[in-house]
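Asker: One structure follows; several queries about it will come next.
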Amino acid sequence: MKAWTPNLEKLAGEGIRFSNAYASSPRCTPSRASLFTGKSPAAPTAKRLVSRRFRKRPKPPSAWSSTDSRNSVSPATRM
């Protein structure tokens, strides 16, 4: 049985096939930053895009203290 997928067929018909391409970095995130900025992954702008993501990582629940405000729910957020 063949699946009928008109939207996928339309997308494939209007798309572009890249048969010869390379990545600017062996890692995913620097390569995407390079595509977004048009600069080398080593450029300061690309580095900021990559490192900003990891700067403000929330603490896991196991690291919360009992006085941590994220550990308790205020009445306004219970509604």
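Each residue of the sequence shown is one higher than the one before, starting from 11 at the first, in our numbering. The beta carbon of each residue, even a glycine, is placed where N, CA and C say it ideally should be. If you're wondering where the values come from, they're calculated on a predicted model, not measured in any experiment.
Going straight from the alpha carbon of Pro-36 to that of Gly-25, what length do you get?
Answerer: Rounded to whole angstroms, Pro-36 to Gly-25 spans 25 Å at the Cα level.
Asker: Determine the DSSP secondary structure at Thr-39, reduced to helix, strand or coil.
Answerer: Thr-39 falls in the helix class under three-state DSSP.
Asker: How far does the alpha helix (DSSP H) with Pro-71 in it reach, from first residue to last?
Answerer: First-last for Pro-71: undefined, no H or E at that position.
Asker: Buried or exposed, going by whether 16 or more other CB atoms sit within 10 Å of the CB of Ser-44?
Answerer: Answer is buried; the Cβ neighbour count reaches 16.
Asker: Look up Asn-30 in the DSSP assignment and say whether it is helix, strand or coil.
Answerer: Coil at Asn-30, not helix or strand.
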